[in-house]
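In our numbering, the protein residues as written are 1 to 143.
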């Protein structure tokens with residue numbers, strides 16, 4: 001990890017942080033993935049507000065992923081609105097989380113984050129085998 005806190009391979013994580021349990025879980029999962037260095041959580045609200053530095057960070061990142069609580073997929077749609085199509089997009093209601101029913105617990109947060117980490121690790125292995133392991137500079141917006 002370099003001095004600004006980014007992984008050598010820049011991966012930005014955008015999370016819906018809406019008003020229901022599914023969005024709260026999405027937010028907590030994103031924070032957990034960031035803490036465990038699977039990427040850097042980025043400010044979705046700033047992208048939605050069209051703040052140029054955050055838009056440029058999204059466009060310059062090697063990889064953007066979105067974690068949405070429900071099929072409305074606000075995080076994914078906000079990125080698509082600026083011309084960024086996230087290669088990985090996770091919708092928690094498709095991963096067993098029920099809107100209005102699933103409690104926000106450490107167990108659920110761990111379960112969902114482990115599913116995403118497994119998927120990200122699998123895709124990283126495929127990418128390294130196919131592309132020889134790309135490496136880029138920082139695009140997190142915090143440098």
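The C-beta atom is built at its ideal place from N, Cα and C for all residues, glycine as well. Predicted model only: the values in this text are computed from it and were never measured.
Problem set entry | Cβ-based burial, residue 77 [other Cβ within 10 Å; buried from 16] | exposed
Problem set entry | Where the alpha helix (DSSP H) through residue 98 begins and ends | Here residue 98 belongs to no alpha helix (DSSP H), and DSSP marks it neither H nor E.
For this session: With a 10 Å radius around its C-beta and 16 neighbouring C-beta atoms as the bar for buried, classify residue 122 as buried or exposed.
Result: exposed
Exercise. Do you know offhand how far residue 38's Cα is from residue 28's?
Worked result: 14 Å
For this session: Quickly, what does DSSP pair residue 12 with across the bridge? List them, please.
Result: 40, 64
Exercise. Considering residue 25, what are the terminal residues of the alpha helix (DSSP H) in which it resides?
Worked result: 21-35
Problem set entry | Classification of residue 68 by the beta-carbon crowding that lies within 10 angstroms, buried from 16 upward | buried
Problem set entry | Residues bridged to residue 91 (per DSSP) | 68
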